[in-house]
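In this text, residue positions in the sequence shown follow my numbering: the first is 813, and each later residue adds one.
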Amino acid sequence: MKKTLLRAPLMAAAATALSLAATGAQAANWSDTSVGFRTGTSFAEPFNTKDIKKNIFNFNHVSGYNYGSNFNVDFLMSDKNDPAGANSTNGAQEAYVVYRHTLDMAKITGMNLSFGPIKTINATVGFDWNAKTDAGYNSKKRMLVAGPTFAINIPAGFLNVGLYQLWESNAPFNTFSGVSTPRYHYDAHPMLNLVWGIPLGKETGFSFEGFANFITSKGKNEFGGDTAAETNIDMQVMYDASSFIGAKPKTFKVGIEYQYWKNKFGNNASGPAGSGAFAKTPMVRVQYHF
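This is the structure in C-alpha cells:
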C-alpha cells in the first residue's frame, strides 16, 4: 500500500505532462521538448538541519502557436536525510508541475506595445501543482498564477520579467500524528519573476540560463505563524556538447547549476525552520532536446 501511495503523485504528474504536451504540440508553430537530470548533495528542507542529496528527473515542453506556452515537470527523489515516512529509511519522493500560458498582447490587439527596453507585453496565466510524500509535511500545493510578462529587448537570447499575483493553498498530512490538515488558503500575494537564456559569446557553445523568484510574505501559515518574504534563484551555465555524441547543435547540453533559496516556502530561516529554510545548492545538470 505504501509503495502505491508513493508512486501515485508521480504517475498522475506524468500522465498530465504527456497529455498537455501532446495537446500543445498539435497546434504549435514551433516546440522544444527536453528531458534532463540534475543532482546535488546539499539540498535543504525547512525544519531539517541535515544536508540532503536529491536526484531530479525533468520533463520540459515549450511551444508557440503565435502566443506561447511552457510546461515543466520535476520528479525529485531524496536520500534518507529527507525520509519518506516517520520510521522509513527510504528517501521522500515529490512531483512538481509548473504550467504557464502566455498571450502576446501585441498580436492579439494588433498594436505595437514596444517601448524603451520592452519588446512586447504578454498576459500570463498558469498554475503550480505538487505532491510530496515525506516524514512530516507531505505537501499538496496548489497555486494559480496571473499577471503581465514583459519581454526585454536584449542583443542575444531572451529575458522575460513577470509581475504576477499568486493564489496558493496547501493541505498537508502529518505522518507522525496521522492528522490531515484541511486545505488552507494563504493571502493573495505578488511575485517578481525573471527567466533568461543568454549565450555567452559567439560560437562558444556556452549559455547562461535560469530563473529568479522574489515573493512577498503570504500572510499567516496554516499553523498561525507568520510567513517570510522568499528569494529563489536557480541559475546554470550550460555547454552544448551535442558534437560529442554526433547530434545536431543544441541537442545535448551539460553544465553546472546553483540554487539560492532563502526562506524556502515562506519559512523564516532565522526562526524555528532554521538552516533548512536557506538552501545553497550546487548541482550538475544534463539535458537532451528532441
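Don't be surprised by glycine CBs; every beta carbon is placed ideally from N, CA and C. What you are looking at is a predicted structure, and each value in this text was computed from that prediction instead of being measured.
State buried or exposed for Phe1090, treating a residue as buried only when at least 16 other CB atoms are found within 10 Å of its CB. Position 278 of the sequence shown holds residue 1090. Buried, by the Cβ-count rule.
Let me know if Ile868 comes out buried or exposed under the rule of 16 or more other beta-carbons within 10 Å of its beta-carbon. The count along the sequence shown starts at 1 and reaches residue 868 at position 56. Counting Cβ neighbours within 10 Å, Ile868 comes out buried, since at least 16 surround it.
State the Cα-Cα distance for the pair Tyr1070 and Thr945, rounded to the nearest angstrom. To locate residue 1070, count along the sequence shown from 1; it is residue 258. To locate residue 945, count along the sequence shown from 1; it is residue 133. Their Cα atoms are separated by approximately 25 Å.
7 Å Cβ shell around Val1007 - same chain, five flanking residues per side excluded: Residue mapping note: residue 1007 aligns to position 195 of the sequence shown, counting from 1. Excluding residues within five positions, the ones whose Cβ falls inside 7 Å are Asn972 and Phe1023.
Gly1031, buried or exposed, once every other Cβ within 10 Å from all chains shown has been counted against 16: Locating residue 1031 in the sequence shown gives position 219, counting from the first residue. Per the 10 Å Cβ criterion, exposed.
Going along the chain, which residues of its own chain have a beta-carbon closer than 7 Å to the beta-carbon of Lys1060, five neighbours each way excluded? Along the sequence shown, read from residue 1 onward, the residue named residue 1060 stands at position 248. Ser1054, listed in sequence order.
Quick one: give me the first and last residue of the beta strand (DSSP E) that Ile1027 is part of. The residue labelled residue 1027 in the question sits at position 215 within the sequence shown. Phe1018 to Ile1027 is the span of the beta strand (DSSP E), which, as asked, contains Ile1027.
With a threshold of 6 Å on Cβ separation, who are the neighbours of Ala834 within its own chain once the five nearest residues in sequence on each side are excluded? The residue labelled residue 834 in the question sits at position 22 within the sequence shown. Residue placement at Ala834 is flagged as unreliable, the pLDDT there being 45, under the threshold of 50; the coordinate-derived value follows with that caveat. There are no such residues.
Compare the Cα-Cα distances from Phe1077 to each of Val1096, Asn924 and Ser951 and report the closest residue. Residue mapping note: residue 1077 aligns to position 265 of the sequence shown, counting from 1. Ranking the options by Cα distance to Phe1077, first place goes to Ser951.
DSSP-derived helix/strand/coil call for Val1096: Position 284 of the sequence shown holds residue 1096. In this structure, Val1096 counts as strand in the three-state DSSP scheme.
Between the C-alpha atoms of Leu925 and Ala918, what's the straight-line distance to the nearest angstrom? Here residue 925 is taken as the residue at index 113 of the sequence shown, counted from 1. Here residue 918 is taken as the residue at index 106 of the sequence shown, counted from 1. Those two C-alpha atoms are separated by around 6 Å.
Return the residue from the list Ile933, Gln977 and Glu1042 that minimises the CA-CA distance to Met923. Taking the first residue of the sequence shown as 1, we reach residue 923 at position 111. Out of Ile933, Gln977 and Glu1042, Ile933 has the C-alpha closest to the C-alpha of Met923.
Can you tell me which of Met1003, Pro1011 and Asn1025 puts its alpha carbon nearest to the alpha carbon of Gly959? Position 147 of the sequence shown holds residue 959. The shortest Cα separation from Gly959 among Met1003, Pro1011 and Asn1025 belongs to Met1003.
Report buried or exposed for Ile966, applying the criterion of at least 16 other Cβ atoms within 10 angstroms of its Cβ. Along the sequence shown, one-based indexing puts residue 966 at 154. Looking at its Cβ environment, which holds fewer than 16 other Cβ atoms inside 10 Å, Ile966 is exposed.
Between Lys1062 and Phe1035, what straight-line distance do the alpha-carbon atoms span, to the nearest angstrom? Along the sequence shown, one-based indexing puts residue 1062 at 250. Along the sequence shown, one-based indexing puts residue 1035 at 223. Spanning the two alpha carbons is a distance of roughly 47 Å.
Look up Thr921 in the DSSP assignment and say whether it is helix, strand or coil. As a position in the sequence shown, residue 921 is number 109, starting the count at 1. Here Thr921 sits in helix by DSSP.
In the structure shown, what three-state DSSP assignment does Gly1088 receive? Position 276 of the sequence shown, counted from the start, is the residue given in the question as residue 1088. Here Gly1088 sits in helix by DSSP.
Short check: CB of Asn1080 to CB of Ala1040, under 7 Å? As a position in the sequence shown, residue 1080 is number 268, starting the count at 1. As a position in the sequence shown, residue 1040 is number 228, starting the count at 1. Contact: yes.
The beta strand (DSSP E) enclosing Glu1069, as first and last residue numbers: Position 257 of the sequence shown, counting from 1, holds the residue named residue 1069. That run of the beta strand (DSSP E) goes Phe1064 to Lys1074.
Between which two residues does the beta strand (DSSP E) carrying Lys953 extend? Taking the first residue of the sequence shown as position 1, residue 953 is located at position 141. First-last for Lys953: undefined, no H or E at that position.
Verify whether the separation of the beta carbon atoms of Gly1017 and Tyr1051 is less than 7 Å. For this step, residue 1017 is matched to residue 205 along the sequence shown. For this step, residue 1051 is matched to residue 239 along the sequence shown. Yes, Cβ-Cβ distance for Gly1017 and Tyr1051 is below 7 Å.
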